[in-house]
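Participant: Residue 339 in our numbering is what sits at position 92 of the sequence shown, and the numbering runs on without skipping anything.
No residue lacks a Cβ here, since even glycine has one placed at the ideal position from N, Cα and C.
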Amino acid sequence: MQKLWRNRQLRNLSLQAMALAGLAAILGFAGFNAVTNLQNSGVTSGFGFLSERAGYDINFSLVDYSSRTATLTYAWLVGTLNTVFFAAVTIVTATLCGLALAMARLSPNWLLSVTSRVALEYLRNVPVLVHIFIWYGIFLALPSVRQAIPVFDIAFLSNRGFVMPAVHWQYGPLATLIFVALALGLLAAIRRRLHRRARSLRLLAGISALAALIFAATLVSGAPVSFTYPELEGFGFTGGMVLPPEFLVMWVAVTVYFSTHCAEVIRGAVMAVPKGQAEAAQALGARRRIVMLEVVIPQALRAIVPPMTSNYINILKAAALGTAIGFLDVMGTTGGSTLNITGQAIECIAIVMTTYMVLNLALSAVMGKVNKAVQIKER
248 MQKLWRNRQL RNLSLQAMAL AGLAAILGFA GFNAVTNLQN SGVTSGFGFL SERAGYDINF
308 SLVDYSSRTA TLTYAWLVGT LNTVFFAAVT IVTATLCGLA LAMARLSPNW LLSVTSRVAL
368 EYLRNVPVLV HIFIWYGIFL ALPSVRQAIP VFDIAFLSNR GFVMPAVHWQ YGPLATLIFV
428 ALALGLLAAI RRRLHRRARS LRLLAGISAL AALIFAATLV SGAPVSFTYP ELEGFGFTGG
488 MVLPPEFLVM WVAVTVYFST HCAEVIRGAV MAVPKGQAEA AQALGARRRI VMLEVVIPQA
548 LRAIVPPMTS NYINILKAAA LGTAIGFLDV MGTTGGSTLN ITGQAIECIA IVMTTYMVLN
608 LALSAVMGKV NKAVQIKER
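Here's what the structure looks like:
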């Protein structure tokens with residue numbers, strides 16, 4: 248026995264097996280205890296409640312939703328789409344704002360550099376939930392619908408949200424998807440064929456091909472495109488698309504907060520690039536903007552992508568904070584309203600946890616591919 252115990256590999260496996268068995272026993276006891284308590288309380292377990300009628304409204308939805316006909320499963324889908332849409336637009340805006348702040352922080356202009364540094368230090372050290380409440384108060388102080396702030400007379404901003412023109416497109420699914428796929432394939436082929444220096448020509452040709460094929464798809468598939476513009480009638484607007492204040496607050500607040508973190512990541516990565524690279528490009532007569540875009544940033548990407556992945560995952564998870572002001576993502580729908588209506592706490596939280604896990608793993612996988620693409624290719 249002592250001889251077996253002296254075997255380090257066998258000893259490590261035995262300890263891990265005992266730890267795993269202990270964890271399984273604890274989880275089994277907790278599960279049995281939970282099921283027993285639920286049965287004693289008259290609460291049935293299972294996911295059959297998802298087929299019941301939702302019965303509650305969702306103030307922002309990317310798809311048609313009616314509380315009278317929608318099921319709890321459909322409410323979960325709407326909440327998940329809200330989470331994905333919020334994360335997608337916020338990741339884009341936070342990255343762009345972070346890039347601008349980082350460039351300002353690195354600027355040789357003393358006033359611009361100091362101002363951006365003060366803004367970064369202040370905004371970064373204020374909790375994101377405080378940002379949300381501050382911006383919510385600002386949006387509630389906006390004019391009412393009748394005194395809405397016009398934006399080029401086709402969109403309006405008020406304390407009820409942002410109303411803008413809406414596009415109505417009755418898709419012919421198969422033909423549209425085929426032409427969009429062909430357009431993307433053609434765009435990729437053009438990017439490979441054209442010379443690297445011909446950026447403007449490559450971009451123009453790619454956009455033209457993409458637009459032409461998508462337009463052809465609308466004609467072939469018989470998909471008419473129409474626009475509706477918002478018009479003030481009574482106490483509200485008719486027509487157009489409405490972005491409610493809850494979504495706008497979340498978008499602006501989370502963008503402002505995480506743009507500071509993105510800015511620090513970008514600034515650190517740029518400073519990690521050897522100065523000789525930029526000095527050599529400047530010695531050849533390249534302007535600072537060209538040096539930054541063509542020489543420094545491409546090399547800094549290798550250091551930017553890994554920590555930026557963490558920021559993007561945090562942005563995705565920050566969508567759950569929207570429940571504080573009434574923005575219903577998957578946490579607000581399934582983890583909030585559905586849980587309160589049905590009382591199925593374990594099932595609802597399990598669904599929310601699984602949803603966030605799948606979304607985070609998918610985002611991590613995408614960023615892993617991006618990280619692999621920007622690394623130095625060695626022969």
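#1: For Val394, is the classification buried or exposed, using 16 other Cβ atoms within 10 angstroms of its Cβ as the cut-off for buried?
#2: Beta carbon of Leu568, beta carbon of Val375: below 8 Å?
#3: Near Pro640, what residues of its chain come up, given a Cβ to Cβ distance below 6 Å and the 5 sequence neighbours on each side ignored?
#4: Count the other CB atoms within 10 Å of the CB of Phe403; is the residue buried (16 or more) or exposed (fewer)?
#5: Could you compute how far the alpha carbon of Ser261 sits from the alpha carbon of Gly278?
#6: Drop a sphere of 10 angstroms on the beta-carbon of Ala620, count the other beta-carbons inside from all chains shown, and report buried for 16 or more, exposed for fewer.
#7: Using the C-alpha atoms, what's the distance from Leu343 back to Ala612?
#8: Put Ser308 into one of helix, strand or coil per three-state DSSP.
#9: Could you check how far apart the C-beta atoms of Gln529 and Val543 are, in whole angstroms? I think they sit under 8 Å.
#10: Contact between the segment 510 to 518 and the segment 348 to 357: three or more CB pairs below 8 Å?
#11: Scan the segment 515 to 587 and note each continuous alpha helix (DSSP H) run of 4 residues or more that stays entirely inside, going in chain order.
#12: Can you tell me whether DSSP reads Gly419 as helix, strand or coil?
#13: Only counting the same chain, and skipping five residues up and downstream in sequence, which positions put a Cβ closer than 6 Å to that of Ser584?
#14: Can you check DSSP and say which residues form a bridge with Ala413?
#15: What is the residue span of the beta strand (DSSP E) that Gly483 lies within?
#16: Let me confirm a value: Thr507 is counted as buried when at least 16 other C-beta atoms fall within 10 Å, else exposed. Which label applies?
#17: Considering only residues of the same chain and omitting the five flanking positions on each side of Asn287, which have a CB-CB separation below 6 Å?
#18: Skipping 5 residues on each side, what residues in its chain have a beta carbon closer than 7 Å to that of Thr283?
#19: For Arg371, collect the residues of the same chain with a Cβ closer than 7 Å to its Cβ; drop the 5 residues on either side in sequence, then sort them by chain order.
#20: Just to confirm my understanding: we take Phe380, look at its own chain, exclude 5 residues before and 5 after, and list those with CB closer than 8 Å. What are they?
#21: Leaving out five residues before and five after Trp323 in sequence, what residues of the same chain have Cβ atoms less than 8 Å from its Cβ?
#22: Got a sec? Which residues, its chain only, sit under 7 Å from Arg536 by beta carbon, not counting five neighbours each side?
#23: Taking Cβ positions, are Gln301 and Leu319 nearer each other than 8 Å?
#24: Take Arg444 and list the residues in its own chain whose beta-carbon comes closer than 6 Å to its own, dropping the five residues that flank it on each side.
#25: Quick one: give me the first and last residue of the beta strand (DSSP E) that Ile623 is part of.
#26: Looking at the unbroken beta strand (DSSP E) that takes in Ile338, where does it start and where does it end?
#27: Closest to Phe482 by C-alpha separation, out of Gly532, Val517, Asn406, would be which residue?
#28: Got a sec? Which residues, its chain only, sit under 7 Å from Val520 by beta carbon, not counting five neighbours each side?
#29: With a 10 Å radius around its C-beta and 16 neighbouring C-beta atoms as the bar for buried, classify Ser363 as buried or exposed.
#30: Let me know the secondary structure DSSP gives Gly408 once reduced to three states.
#31: Which same chain residues end up closer than 8 Å to Leu531 when comparing Cβ atoms and leaving out the 5 residues on each side of it in sequence?
#32: To the nearest whole angstrom, what separates the beta carbons of Ala334 and Ile562, a pair I think is in contact under 8 Å?
#33: Which residue marks the beginning of the alpha helix (DSSP H) containing Leu257, and which one marks its end?
#34: Could you check the C-alpha separation between Thr485 and Thr556 for me, to the nearest Å?
#35: Going by DSSP in three states, Glu299 sits in which element: helix, strand or coil?
Facilitator: With the structure as the only source:
#1: In the sequence under discussion, the amino acid at residue 394 is Gln, which differs from the Val named in the question. A residue is called buried once 16 or more other Cβ atoms fall within 10 Å of its Cβ, and Gln394, having fewer, is exposed.
#2: Yes. Within cutoff.
#3: Here the chain covers residues 248 to 626 and nothing more, so residue 640 does not appear.
#4: Phe403 should be labelled buried.
#5: Counting only the Cα atoms, Gly278 lies some 25 Å from Ser261.
#6: Under this definition Ala620 is an exposed residue.
#7: Looking at the two C-alpha atoms, the distance is approximately 22 Å.
#8: The answer is coil: DSSP assigns Ser308 none of H, G, I, E or B.
#9: Not confirmed; about 11 Å, so no contact.
#10: Inter-segment contact for the segment 510 to 518 and the segment 348 to 357 is present: three or more beta-carbon pairs are separated by less than 8 Å.
#11: Whole alpha helix (DSSP H) segments, 4+ residues: 522 to 530, 535 to 538, 544 to 565.
#12: Any answer about Gly419 is weak, because its pLDDT of 48 lies below 50 and its placement is not dependable; what the coordinates show is given next. The DSSP-derived three-state label of Gly419 is coil.
#13: Counting only Cβ-Cβ distances below 6 Å, and skipping sequence neighbours, we find Tyr303.
#14: Assignment of beta-bridge partners to Ala413 by DSSP yields Thr475.
#15: Element bounds for Gly483: 483 to 485.
#16: Label assigned to Thr507: buried.
#17: If we look at Asn287 and ignore the five residues flanking it on each side, it has no Cβ neighbours.
#18: If you ignore the 5 residues before and after Thr283, its C-beta comes within less than 7 Å of no other C-beta in its own chain.
#19: Here the set comprises Thr507, His508.
#20: So the qualifying residues of the chain are Ala571, Ile572.
#21: Once the five neighbours on either side are set aside, the close Cβ partners of Trp323 are Leu297, Val577, Thr580, Thr581, Thr585, Ile598, Thr602.
#22: Once the five neighbours on either side are set aside, Arg536 has no close Cβ partner at all.
#23: A small correction: the amino acid at residue 301 is Ala; Gln does not occupy that position in the sequence shown. In this structure, the beta-carbon distance from Ala301 to Leu319 falls below 8 Å.
#24: Here the model assigns Arg444 a pLDDT of 47, short of 50, so the residue's position is not dependable and the matter cannot be decided.
#25: Note, Ile623: premise wrong, no beta strand (DSSP E); not H, not E.
#26: It is not in any beta strand (DSSP E) - Ile338 instead sits in the alpha helix (DSSP H) that spans 319 to 352.
#27: Measuring C-alpha to C-alpha distances from Phe482 to each of Gly532, Val517, Asn406 identifies Asn406 as the nearest.
#28: So the list reads Val543, Gln546, Ala547, once near-sequence residues are dropped.
#29: With 16 or more other Cβ atoms within 10 Å, it is buried.
#30: Looking at Gly408 - three-state DSSP - the assignment turns out to be strand.
#31: Once the five neighbours on either side are set aside, Leu531 has no close Cβ partner at all.
#32: The pair is a contact, with the Cβ atoms about 6 Å apart (cut-off 8 Å).
#33: Looking at the DSSP string, the run of the alpha helix (DSSP H) that includes Leu257 is 255 to 287.
#34: Rounded to whole angstroms, the separation of the alpha carbons of Thr556 and Thr485 is 40 Å.
#35: In the structure shown, Glu299 sits in coil (DSSP, three-state: anything other than H, G, I, E or B).
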